[in-house]
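A short worksheet on the structure shown next.
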Amino acid sequence: MTLFAAFKPIAAIATTPQSTQLLHPLCQSLTATLYVPETLSLIDSTTCHYQGSLKNHLATIWAENRAFIFCLATGAVIRLIAPLLEDKASDPAIIVVEPTGQYVISLCSGHQGGADRLAQLIAQQLNATPIITGASHSLNLPAIDILGLPFGWRKGPGDWTGVSHAIACQKRVQVIQEAGSKLWQDNLPQNHPFYFGFPEIGENNLIEARVWISATKRKFAEGSTLPKVQWYPRVLWVGIGCIRGTSQGLIESAIEKIFQKYHLATEAIAGIATIDIKADEVGIVEYCQEKQYPLLTYSSDVLNTIKVPNPSEVVKEEVGTPSVAEAAAIYGANYWFNYGGSGDKVGLEKSLLVTKQVVKSDNEAVTVAIAQSQLEYTGKEGKIYLVGMGPGSLEQMTPAAKTAINQADAIIGYSLYLELIQSLQSPGQIVESLPITKEKKRAQRAIYLAKWGLSVAVISSGDCGIYGMAGLVLEELKNINWDGKNPSIEVFPGITALQAAAARVGTPLMHDFCAISLSDLLTPWDVIKKRLEAAAIGDFVTALYNPRSQTRQNQIIEAQTIFLQHRNHQTPVALVRCAYRQDENIILTNLQEMLEHKIDMLTTVLIGNSSTFLHQNWMITPRGYNQFRR
Ligand code: SAH
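Just so we're aligned: 1763 in our numbering is position 557 of the sequence shown, and the numbers increase by one with no gaps anywhere.
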């Protein structure tokens, strides 16, 4: 499953036959390697023997794995890993699965190593309870040391432990955010300890820690004991022009020098921008490769269209545009508009932060300008998980769907459904609900966030591909000429309403059946009517979705009339409302009398075929037509 990609490679260790049995299926769905001692037999080729002591074996495989899953006593695990642990920024995630499989413990590297997330994902696979002891998790707060990861921010210096501790103690933590997305601020629980902005004079002592989110390199005042940390959103685009043959070394040192002069953080560099004829300039290309910066290039015609503070006639004569560095920096900082981003395009020029600076050495010269983007570059390829959450209760949702919801950076769906899955959400996730009629907007928003680099779970009730959001998202992607890769798509099926309804009343779908939505908002009523007639004539068991709303009262009456013309009046009909939800209500009736009961938008109507019957309050459709039995 690609959901686990961020944690791979994963090694699992079992030392008893029982723990091997417990971890083996898990390792298969995670594509993890399961190691067992030589005294145990191997289950299949995905299991390996380790020779000698487990301690030595662990030392051998420690560096090559990003996560370890142990099915062992926690004490034993602690002793085994203690000599290998180095730093929470680099240690692998350590998970302990309790031997009965009821609990999954995030033991070590909960935040940066991802153990908290992985423990939750594994718990969902095993239907177990995750045990996460980190303070921020228990307060439902995003952990400060991984806050910016979804947005591609880079971590700066600071007292991370001190700030985390202040947050855990719910002390007042000042946040000064000068760059980057503020989406995380919209998704904090009430009573969070963050304080945005600057306190009144004299109130400063109420601040007990500080978080800077900025492209500026802050100097922490000497002697200050206030714990502080810095995150750098990647918002700075460096425009470069240079004489042919200028070395990578000069380019790098020029950029560093200018960043220093203007107190800017090189960690906040999003990418490099230049003119297209420099796309093969060795110094620039090598610099970008080494730093893993994207290199954006623009033609002189494009660069020509922008007004810059320092145009040059000489440059214009040479390359056809009076500005390379400044104009390219400005275009780079507004790269987002090429992807259909929104915002104020009129003031492109306003993004220029540092006008062009020339750095020379012998016969090399480089010109640098810096512009700041409104939206940070994440450096990540986004994903969309199209998730069917089943009819309502969590037990009816697939573990894969639960995992997708838990794993996503952002969750988008209709508010009623989001409430039902609240317990699956992780602290720090972006959760956005849009009104029920705004499905298209919801799809567009998901695509926007995913193109930006987030993993986004789009939630539909039932199955996402049956009158759900999945189709809308794919249609929208097609409309914007999606390349099929970015964002990547994964579809998670769910139990659709007709299955849920059927299960609650027996086996009505045992023979050929069809589903028809009575909503004529997106389908002309003539078409729906034709399908109703065909289903009635074809003797299909028929599930009616969206049967009646406050504004659509007549459709269900017409549907009944059509079926009465072709089917016995006593044909069993089930009205299943809110299947698997708290206010579930089930009525077994027949075609003639069905309209005497409440039918609304939370109801699925199941109309039997000519051989469907009721027995002891179960609705049964025979598997075959008896007269044809051979
Ligand atoms: N994607 C959903 C269907 C969305 S259309 C699915 O696959 O189930 C919405 C319609 O589905 C509702 O009007 C109702 O007819 C039906 N529906 C959805 N959830 C239901 C539930 N829990 N019980 C009964 N009907 C339900």
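Cβ coordinates follow ideal geometry from the N, Cα and C atoms, glycine included.
Can residue i and residue j be called in contact, C-beta distance under 9 Å?
i	j	result
glutamate 1555	lysine 1513	yes
valine 1530	glycine 1477	no
isoleucine 1475	tryptophan 1418	no
arginine 1360	tyrosine 1438	yes
phenylalanine 1274	alanine 1212	no
leucine 1332	leucine 1232	yes
valine 1637	asparagine 1393	yes
proline 1714	methionine 1800	no
glycine 1671	glycine 1677	yes
isoleucine 1686	alanine 1652	no
leucine 1501	tyrosine 1537	no
leucine 1640	lysine 1647	yes
isoleucine 1300	serine 1342	no
phenylalanine 1698	valine 1593	yes
proline 1356	threonine 1584	yes
serine 1694	glutamate 1587	yes
glutamine 1376	leucine 1345	yes
proline 1753	aspartate 1806	yes
isoleucine 1590	isoleucine 1611	no
proline 1298	arginine 1323	no
alanine 1334	glycine 1307	yes
By the 10 Å Cβ neighbour count, where 16 or more other Cβ atoms means buried, how is residue i classified, buried or exposed?
i	result
asparagine 1823	exposed
valine 1552	Bear in mind that a pLDDT of 48 at valine 1552, under 50, signals an unreliable position, so the number given afterwards is only what the model happens to contain. Classification of valine 1552: exposed, given that the 10 Å Cβ count is below 16.
threonine 1757	exposed
glutamine 1766	buried
isoleucine 1743	exposed
valine 1733	exposed
aspartate 1689	exposed
serine 1661	buried
lysine 1691	exposed
valine 1242	buried
arginine 1201	There is no way to answer for residue 1201, as the model of the chain reaches only from 1207 to 1836.
leucine 1412	exposed
histidine 1255	exposed
lysine 1484	buried
lysine 1423	buried
valine 1574	buried
leucine 1727	exposed
proline 1289	exposed
leucine 1558	buried
threonine 1431	exposed
proline 1223	exposed
lysine 1684	exposed
valine 1310	buried
alanine 1749	buried
threonine 1367	exposed
lysine 1608	buried
asparagine 1760	exposed
valine 1782	buried
alanine 1707	buried
alanine 1606	buried
aspartate 1293	exposed
Since residue i and residue j should fall inside the 8 Å C-beta cutoff, what is the C-beta to C-beta distance between them, to a whole number of angstroms?
i	j	result
lysine 1434	aspartate 1365	6 Å
glutamate 1532	threonine 1511	Actually they are not in contact, since the Cβ atoms of glutamate 1532 and threonine 1511 sit about 13 Å apart, beyond 8 Å.
isoleucine 1490	threonine 1527	Not confirmed; about 17 Å, so no contact.
valine 1747	threonine 1818	7 Å
leucine 1347	histidine 1398	6 Å
glutamate 1473	glycine 1354	Glutamate 1473 to glycine 1354, Cβ: 11 Å. No contact.
alanine 1785	leucine 1794	That belief does not hold up - the Cβ atoms of alanine 1785 and leucine 1794 are roughly 14 Å apart, past 8 Å.
Quick one: is the Cβ of residue i within less than 8 Å of any heavy atom of the ligand ATP?
i	result
isoleucine 1665	In the structure shown, the ligand ATP is absent; the only ligands present are the ligand SAH.
Return no unless some Cβ of chain B is closer than 9 Å to the Cβ of residue i.
i	result
valine 1733	The structure shown contains no chain B; it is built from a single protein chain.
Taking only runs of the beta strand (DSSP E) that begin and end inside the stretch 1324-1370, which ones reach a length of at least 3 residues, in chain order? Runs found: 1335-1337, 1360-1364.
Secondary structure, beta strand (DSSP E): runs of 3+ residues fully inside the stretch 1247-1332: Entirely contained in the stretch 1247-1332, the beta strand (DSSP E) runs reaching 3 residues are, in chain order, 1253-1256, 1273-1277, 1299-1303, 1309-1314.
Alpha helix (DSSP H) segments (min. 4 residues) lying fully within the stretch 1503-1577: The stretch 1503-1577 is shown to contain whole alpha helix (DSSP H) runs of 4 or more residues at 1506-1510, 1519-1525, 1531-1539, in chain order.
Curious, which full-length alpha helix (DSSP H) runs of at least 4 residues does the stretch 1405-1490 contain? If we require 4 residues or more, the alpha helix (DSSP H) runs fully inside the stretch 1405-1490 come out as 1454-1467.
Give the list of continuous alpha helix (DSSP H) stretches no shorter than 4 residues that lie fully inside the stretch 1685-1767. Whole alpha helix (DSSP H) segments, 4+ residues: 1703-1711, 1731-1743.
Go through the stretch 1211-1239 residue by residue and report every complete run of the beta strand (DSSP E) that reaches 3 residues or more, in order. Counting only runs of 3 or more, we get 1216-1220.
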